[in-house]
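Encoded as structure tokens, the structure appears first; notes follow it.
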Amino acid sequence: MVNEKMKILKMLEEGRISAEDAAKLLDGTSGGPSPAPSPPPSEPAGGYYSTASNDGFKGYASSGPSGPSSSSGPRDRRAASSTAADLTRKLENLFNSVEPKLARIAETVVEKTGSAADAIAKSLSQPPRPPEPARPPHAPGAPPRTQSAARPVAAPKTRGRVERAFELKITETGSELILDGLNGQMLLKGYNGDKITAKVFYTAKRGNPVIDLVALGNKYYLNYDENEFESVSVDAYIPESMFSSVRITNTMGPLVISTVNAADARFENQNGDIEISGFAAKNLLVETNNGNMRLSGITAERAAIDGFNGAIQAADIDASQMKMTTFNGGITMQVPGFNRHSEYTWGIEANNGKMNMILPSSVDIGYHVRATAALSEVRLGLTGLSYISNNRSSAEAQSVNFDQAAKKVKLMLETSNAPIIVN
51 MVNEKMKILK MLEEGRISAE DAAKLLDGTS GGPSPAPSPP PSEPAGGYYS
101 TASNDGFKGY ASSGPSGPSS SSGPRDRRAA SSTAADLTRK LENLFNSVEP
151 KLARIAETVV EKTGSAADAI AKSLSQPPRP PEPARPPHAP GAPPRTQSAA
201 RPVAAPKTRG RVERAFELKI TETGSELILD GLNGQMLLKG YNGDKITAKV
251 FYTAKRGNPV IDLVALGNKY YLNYDENEFE SVSVDAYIPE SMFSSVRITN
301 TMGPLVISTV NAADARFENQ NGDIEISGFA AKNLLVETNN GNMRLSGITA
351 ERAAIDGFNG AIQAADIDAS QMKMTTFNGG ITMQVPGFNR HSEYTWGIEA
401 NNGKMNMILP SSVDIGYHVR ATAALSEVRL GLTGLSYISN NRSSAEAQSV
451 NFDQAAKKVK LMLETSNAPI IVN
């Protein structure tokens with residue numbers, strides 16, 4: 051019994067039998083006689099009936115076995131409505147009685163039959179549909195007629211380097227400048243003006259994140275979230291004498307600064323070199339990690355220079371108090387003169403690196419030198435020295451005119467595994 055019902059539902063769904071025939075057959079499976087199903091109607095001229103249609107009743111309703119109807123009245127419409135309602139009721143009863151494995155099939159047929167019954171009633175109240183003209187065959191390679199050709203989709207843009215230009219006027223002297231670079235170079239040069247003119251090159255991790263050169267009171271800074279960028283590089287001209295404080299940091303690239311004056315300056319770089327020239331400050335701090343330093347033309351009252359895994363090359367440094375250290379790198383220093391201050395106190399230390407200093411000799415300069423090379427030698431070549439102690443790896447000496455000298459220079463030098471040479 052169940053197998054017969056499944057066959058009837060399948061034929062109805064495929065359009066092989068009419069709705070009325072399906073109702074009679076379903077009555078037969080409930081205990082009544084089982085008349086033979088009617089064959090599917092033949093296709094009328096014009097090709098209106100189509101077994102490939104999504105609705106198996108579409109052509110059959112308009113042109114049944116007796117041919118298309120030229121007119122319809124209220125009686126026909128009532129009969130069609132009664133037939134559709136009766137068929138829907140029977141199919142719903144069947145859906146409730148069949149086994150669960152047939153429920154999905156019956157439900158699909160009920161939905162299709164309900165819409166088909168509406169179509170039957172509507173078609174009887176309308177004039178017959180004229181035949182459709184024949185269509186040319188489908189061209190090879192063309193999109194199907196029932197679908198729209200897909201619009202070409204642009205390939206996603208790859209992340210690239212973007213350049214932006216900024217210009218910001220400094221409204222008052224004594225301002226503060228803060229610039230942070232990320233995985234790129236930082237180039238700053240001072241000039242005699244009152245505007246920051248910068249080019250910023252960046253690569254974003256995704257989208258178009260915010261980056262801007264902004265002012266907050268008398269503080270000027272590059273504003274961005276480093277978590278949204280892969281790299282940020284800066285190439286800028288800045289007013290050389292309008293900042294009281296300058297703080298510049300960078301990573302994974304060179305940091306180059308020239309011709310700038312500030313009361314307080316801090317320069318830091320990670321995994322990159324630092325080059326500073328023509329810089330004047332009251333307090334100067336320079337730090338680098340895994341990079342070399344090149345310093346020239348620097349004047350300061352107090353300077354702290356700290357390097358790690360890199361060498362320091364210094365020329366023409368005039369700082370009253372200075373502490374310079376590096377680890378796993380050497381120090382090379384050439385000082386043409388001590389001009390700005392009367393007293394100098396320098397502590398210089400190179401771990402696992404050679405120290406080589408060339409200092410000026412003059413009657414107005416007096417030196418006091420204390421040098422220690424733990425596993426190497428100390429060689430002091432300054433003229434006019436009087437030795438307090440002199441060993442291979444350590445020495446202390448003082449100029450004979452130290453007390454009367456206009457410029458007093460105190461040097462404390464220390465290194466290991468490499469010599470100290472002072473000339």
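Counting in my numbering, the sequence shown tops out at residue 473, every number present.
Just so it is clear, CB atoms sit at the ideal spot from N, CA and C, and this is done for glycine as well.
Rounded separation between Val284 and Gln371 - CA only: 31 angstroms
Identified DSSP bridge partners for Asn339: Gln320 and Phe358
Limits of the beta strand (DSSP E) - the one that Leu232 falls within: Element bounds for Leu232: n/a, residue is neither H nor E.
Cβ neighbours of Ala424 in the same chain (closer than 6 angstroms, five flanking residues each side left out): Ser466
Same chain, Cβ closer than 6 angstroms to Ala353, five either side skipped, listed in chain order: Leu334, Ala369 and Met372
Simplified DSSP assignment, three categories, for Val472: strand
Touch test, the stretch 256–274 against the stretch 320–330, Cβ-Cβ under 8 angstroms, three pairs minimum: no
Validate contact between the stretch 278–292 and the stretch 234–245 using beta carbons, cut 8 angstroms, 3 pairs: yes
Rounded Cβ spacing between Thr433 and Ser411 (contact assumed at less than 8 angstroms): 5 angstroms
Cβ neighbour criterion (16 or more within 10 Å) applied to Ser449: buried
Best match in Val296, Lys269, Thr253 and Lys249 for proximity to Thr221 [C-alpha to C-alpha]: Lys269
Per-residue DSSP class, three states only, for Glu276: helix
Straight-line Cα distance separating Asp71 from Thr196: Residue placement at Thr196 is flagged as unreliable, the pLDDT there being 36, under the threshold of 50; the coordinate-derived value follows with that caveat. If I take the Cα positions, the gap works out to 31 angstroms.
Contact the stretch 414–430 vs the stretch 455–465: 3+ CB pairs below 8 angstroms: yes
Cβ neighbour criterion (16 or more within 10 Å) applied to Asp414: exposed
Residue closest to Gln454, alpha-carbon to alpha-carbon, out of Arg429, His418 and Glu351: His418
Length of the line joining the Cα atoms of Ser84 and Ile58: Residue placement at Ser84 is flagged as unreliable, the pLDDT there being 42, under the threshold of 50; a coordinate-derived value is accordingly withheld.
Every unbroken beta strand (DSSP E) within the stretch 371–458, with a cutoff of 3 residues, ordered by chain: 381–384, 393–401, 405–408, 415–423, 428–430, 435–440 and 444–449
Simplified DSSP state of Ala130, which is helix, strand or coil: With a pLDDT of 48 at Ala130, under the threshold of 50, the predicted position of this residue should be treated as unreliable, and no value is reported.
Same chain, Cβ closer than 8 angstroms to Pro469, five either side skipped, listed in chain order: Lys404, Met405, Ala423, Ser426, Glu427, Val428 and Arg429
Boundaries of the beta strand (DSSP E) in which Asp244 is found, first to last residue: Element bounds for Asp244: n/a, residue is neither H nor E.
Unbroken beta strand (DSSP E) run spanning Val296, endpoints: Phe293 to Thr301
Pairwise C-alpha distance: Leu218 and Lys457: 43 angstroms
Rounded straight-line distance, which links the Cα of Leu229 to that of Ala447: 44 angstroms
DSSP-derived helix/strand/coil call for Ile67: coil
Buried or exposed by the 16-neighbour rule on C-beta atoms within 10 Å, applied to Thr474: Because the chain here runs from 51 to 473, residue 474 falls outside it and cannot be looked at.
Backbone secondary structure at Lys460 - three-state DSSP: strand
Exposure label - Tyr437; buried when at least 16 CB within 10 Å: exposed
Beta-carbon gap between Tyr389 and Phe377 smaller than 8 angstroms: As written in the sequence, residue 389 is Asn, which differs from the Tyr given in the question. Result no, Cβ atoms of Asn389 and Phe377 do not sit closer than 8 angstroms.
Nearest neighbour of Ala361, chosen from Ile367, Leu266, Arg344 and Ile348 [CA to CA]: Arg344
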